[in-house]
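Take a look at the structure set out below.
Chains as they are written, first to last, in my numbering: chain A, 44 to 258; chain B, 226 to 235.
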């Protein structure tokens, strides 16, 4: 495992910590898209079906358990916690799940490595992760006052994807015969989705302004 | 081209 992969995973973990901090400590999920969080829970549930059958390392297994556990915890908080759920911007978070789930599943049936249930679901999770941030980005654009934790959460998620790209470049040059086109192309698409957000995040940060996205 | 690695990333 190279440094970019480790930093990418840690950034991903930190994004979850930031989000849980906001939800658990401040008891607010304002500006957070439940649609995106539900899509992430679905991503992890379909990708980590191999958790007990396919052992890579203790590190991988522990991280899988953490991402599964936290993603469902976040969804639970936003849907059921009596204080947190009242801070959810339901009227603004209008993106429809099926508009992302159905095309991703169709694509996974068409383009996959092996035609087995586990492989198709794994591929589906890769495609879905690439676009799962979409409802969150739409919600951010509609939010007038984006708080620091929400801005930082999305920034960390984007940074995690960027670091994974660097990890793949390192692996390509250091591991003989290493290639994974499905993951690479999805990862590039996923990182590109953050480009616009990054531009405004850095611009506002440099001008010492509060984060706001043009609508 | 076929992907060559087992799924070893998160």
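For every residue, glycine included, the Cβ atom is placed at its ideal position computed from N, Cα and C.
I'd like the list of long-range same chain contacts for residue i, defined as Cβ closer than 8 Å, with 5 residues on each side in sequence excluded.
| i | result |
| --- | --- |
| residue 121 (chain A) | 66, 72, 75, 77, 80, 127, 128 and 131 |
| residue 229 (chain A) | 169, 170, 172 and 173 |
| residue 262 (chain A) | Any property of residue 262 (chain A) remains undetermined from this structure, which presents chain A solely from 44 to 258. |
Strictly below 7 Å CB to CB, what residues from chain B border residue i?
| i | result |
| --- | --- |
| residue 99 (chain A) | 233 |
| residue 190 (chain A) | Chain B residues near residue 190 (chain A): none, gap ~28 Å exceeds 7 Å. |
Closer than 9 Å by beta-carbon distance: list the chain B residues that pair up with residue i, in chain order.
| i | result |
| --- | --- |
| residue 293 (chain A) | Look at the range of chain A in this structure, 44 to 258, and you will see that residue 293 (chain A) is not part of it. |
| residue 107 (chain A) | 235 |
| residue 119 (chain A) | Within chain B, no residue comes near residue 119 (chain A); the closest Cβ sits about 22 Å away, beyond 9 Å. |
| residue 110 (chain A) | 235 |
| residue 165 (chain A) | 232 |
Round the Cβ separation of residue i and residue j to the nearest angstrom and send it over; I've been treating them as touching at under 8 Å.
| i | j | result |
| --- | --- | --- |
| residue 168 (chain A) | residue 90 (chain A) | 4 Å |
| residue 138 (chain A) | residue 178 (chain A) | 4 Å |
| residue 203 (chain A) | residue 54 (chain A) | 4 Å |
| residue 275 (chain A) | residue 60 (chain A) | Lying outside 44 to 258, the shown extent of chain A, residue 275 (chain A) is not represented and no answer is given. |
| residue 254 (chain A) | residue 189 (chain A) | 5 Å |
Is the CB of residue i under 8 Å away from at least one CB in chain E?
| i | result |
| --- | --- |
| residue 136 (chain A) | Going by chain labels, chain E is absent from the structure shown, which instead holds the protein chains A and B. |
For residue i, which residues of its own chain have a beta-carbon under 6 Å away from its beta-carbon, when the five flanking residues on both sides are left out?
| i | result |
| --- | --- |
| residue 83 (chain A) | 114 and 175 |
| residue 200 (chain A) | 58 |
| residue 182 (chain A) | 76, 135 and 136 |
Using a Cβ cut-off of 8 Å, pull out every chain B residue sitting near residue i, in sequence order please.
| i | result |
| --- | --- |
| residue 52 (chain A) | 235 |
Within the same chain, show all residues whose beta-carbon is closer than 7 Å to that of residue i, passing over the 5 residues directly before and after it, in chain order.
| i | result |
| --- | --- |
| residue 150 (chain A) | 170 |
Requested in this report: Kindly provide the ranges of any alpha helix (DSSP H) runs that are 4 or more residues long and lie completely inside the segment 209–253 of chain A, ordered along the chain.
Outcome: 224–236 and 238–249
Query raised in the report: Along the chain, which unbroken stretches of the alpha helix (DSSP H) at least 4 residues long are found entirely within the segment 89–141 of chain A?
Result: Complete alpha helix (DSSP H) runs here, min 4: 101–123.
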